[in-house]
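Note sheet for the following structure.
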Amino acid sequence: MLARNCLLKGLTLSILTVFAAFISSACFRSPPDMLECDIFAMDTFMSIRAYTDDEELPALIEGEIRRLEELFSATLPNSDVSRLNSDGSASVNNDTAAILGDALLLCERTGGALDISVYPLVCLWGFTSGEYKVPSQDEIDDRLQYVGHGKIKLDGALASVAFGMQVDLGAVAKGYTSDRICSVLREQGIESAVINLGGNVQTLGRHPDGRCWQVGVKDPFDTQKTLLTIGIEDRAVITSGNYERCFTGDDGRVYCHIIDPKTGRPTDNGIVSVTVIGENGLICDGLSTALFVMGEEKAVELWRDSDDFEMIYVTSDGRIGITEGIADSCTNLSRLETAVIARE
Ligand code: AMP
Ligand code: MG
Numbered sequence: 004m005l006a007r008n009c010l011l012k013g014l015t016l017s018i019l020t021v022f023a024a025f026i027s028s029a030c031f032r033s034p035p036d037m038l039e040c041d042i043f044a045m046d047t048f049m050s051i052r053a054y055t056d057d058e059e060l061p062a063l064i065e066g067e068i069r070r071l072e073e074l075f076s077a078t079l080p081n082s083d084v085s086r087l088n089s090d091g092s093a094s095v096n097n098d099t100a101a102i103l104g105d106a107l108l109l110c111e112r113t114g115g116a117l118d119i120s121v122y123p124l125v126c127l128w129g130f131t132s133g134e135y136k137v138p139s140q141d142e143i144d145d146r147l148q149y150v151g152h153g154k155i156k157l158d159g160a161l162a163s164v165a166f167g168m169q170v171d172l173g174a175v176a177k178g179y180t181s182d183r184i185c186s187v188l189r190e191q192g193i194e195s196a197v198i199n200l201g202g203n204v205q206t207l208g209r210h211p212d213g214r215c216w217q218v219g220v221k222d223p224f225d226t227q228k229t230l231l232t233i234g235i236e237d238r239a240v241i242t243s244g245n246y247e248r249c250f251t252g253d254d255g256r257v258y259c260h261i262i263d264p265k266t267g268r269p270t271d272n273g274i275v276s277v278t279v280i281g282e283n284g285l286i287c288d289g290l291s292t293a294l295f296v297m298g299e300e301k302a303v304e305l306w307r308d309s310d311d312f313e314m315i316y317v318t319s320d321g322r323i324g325i326t327e328g329i330a331d332s333c334t335n336l337s338r339l340e341t342a343v344i345a346r347e
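So in my numbering, the last spot in the sequence shown is 347, and the numbers never skip.
Now the structure itself:
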């Protein structure tokens, strides 16, 4: 087995566990070698495992991830997003135009629960600097006037925002990136791979031994444990959880990094995690954030009106909701009760 760790060899990505059937592979036909690339990018530990003999692949993947990070980062000074935020308009690369266009469609589709202009509030609460604080209502109201995805314009490669607005692609960048990595792998003729971007997983094909991939979803009440596993092939499995980046305020309340764009406050609606399963990584990523903000009832409504994703949500009172299209592929490892959500 060839392995290359670009940065962090041996790091355990505990959010989602991929239970590929490595043990059994010896009993079946001999699979291709597994190449592994572990890197830290986009503020995230990433691990890509692809079944191939092509030793050039890790460098190719790392190059693609770094290229996208340099376009999408809101903190790197020369990224497309930073130029847009500082100048109010910018001519952007094809990938930036594509992610912006797709993200804006999702903002619209989710009634603004996803809003990529929420960055001034993400900063205000300290989620970018780590200097967390509970701001005053005046400070929140002041920032809210600069939030509104409808004021982001995209005309071909020219993107622009209204005065004072700031774009943040944090809710969709990893999904777009895993889609891109999948495309690169397919172009290289690879049929079997798992892309794990900080717990957001996208799979290509099946494991070489013919089984589907078993992807674990983290238990939001005990993040060392796996809540359930999902058997999938050619799907993304992307989770937004209240445990990911959060802080406890002086008032004793826990504030999570997903902001409700309507209130300007961290979302607190009884949902503790939402996992979205679908073919398109960007859609799954954007929807996991949006459905988290929308809450149980509206999330179920949106799922019933859609045909491009399935979801699993966990509520703060300890219930698991699983939409019927994925229910048979899930194995609950927890003591929480599951309810299958039907189309009606
Ligand atoms: P995710 O982990 O994919 O749910 O994305 C959360 C990240 O997206 C946060 O760290 C913020 O940078 C950003 N964000 C927070 N709330 C929203 C929102 N309502 N719409 C879009 N982006 C958001
Ligand atoms: Mg997301």
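Yeah, the Cβ is synthetic: ideal placement off N, Cα and C, and Gly gets one too.
- Non-local beta-carbon contacts of residue 193 in its own chain, meaning distances under 6 Å to residues more than five positions away in sequence, involve 53, 55 in chain order.
- Taken from the Cβ of residue 105, every heavy atom of the ligand MG lies 6 Å or farther away.
- Three or more beta-carbon pairs drawn from the segment 265-282 and the segment 227-238 are found closer than 8 Å, and the two stretches are therefore classed as touching.
- For residue 178, the three-state secondary structure derived from DSSP is helix.
- Counting only the Cα atoms, residue 253 lies some 36 Å from residue 285.
- Relative to the ligand AMP, residue 117 has its C-beta within less than 6 Å of a heavy atom.
- Less than 7 Å divides the Cβ of residue 156 from the Cβ of residue 163.
- Across the set 205, 184, 110, the C-alpha of 184 shows the shortest separation from the C-alpha of residue 70.
- In this structure, the C-beta of residue 292 approaches the ligand MG to less than 6 Å from one of its heavy atoms.
- The residue among 304, 197, 243 with its C-alpha nearest the C-alpha of residue 49 is 197.
- For residue 219, DSSP records a beta bridge to 232.
- A direct Cα-Cα distance of roughly 10 Å separates residue 74 from residue 176.
- Using a 10 angstroms sphere on the CB of residue 77, the tally of other CB atoms reaches 16 or more, which defines it as buried.
- Residue state for residue 214 is assigned as coil, using DSSP reduced to three classes.
- Residue environment analysis places residue 93 among the buried positions, since at least 16 neighbouring C-beta atoms fall within 10 angstroms of its C-beta.
- Residues of the same chain with a CB within less than 6 Å of the CB of residue 275, apart from the 5 flanking positions on each side, are 223, 245, 317, 319 in chain order.
- Assigned with DSSP and collapsed to three states, residue 100 falls in helix.
- Taking residue 228 as the centre and dropping the five residues before and after it, the same chain places the C-beta of 222 closer than 7 Å to its C-beta, in chain order.
- Along the length of the segment 230-295, whole alpha helix (DSSP H) runs at least 4 residues long do not occur.
- Sequence-distant Cβ neighbours of residue 124 in its own chain, meaning closer than 6 Å and more than five residues away, are 146, 262, 267.
- Counted as a single uninterrupted DSSP element, the stretch harbouring residue 209 is not any alpha helix (DSSP H), since DSSP gives it neither H nor E.
- With contacts defined by Cβ atoms closer than 7 Å, residue 160 and residue 218 do not form a contacting pair.
- The distance from the Cβ of residue 259 to that of residue 270 is about 6 Å, consistent with a contact at the 8 Å cut-off.
- Going by DSSP, residue 324 is part of the beta strand (DSSP E) stretching over 322-326.
- Residue pairing of residue 81 in beta bridges, as defined by DSSP: absent, with no partner found.
- Annotated three-state conformation of residue 92 is strand, per DSSP.
- Relative to the ligand MG, residue 263 has its C-beta separated by 6 Å or more from all heavy atoms.
- Counting the other Cβ atoms within 10 Å of the Cβ of residue 39 gives 16 or more, which makes it buried.
- One thing to note: residue 118 has its Cβ within 7 Å of the Cβ of residue 110.
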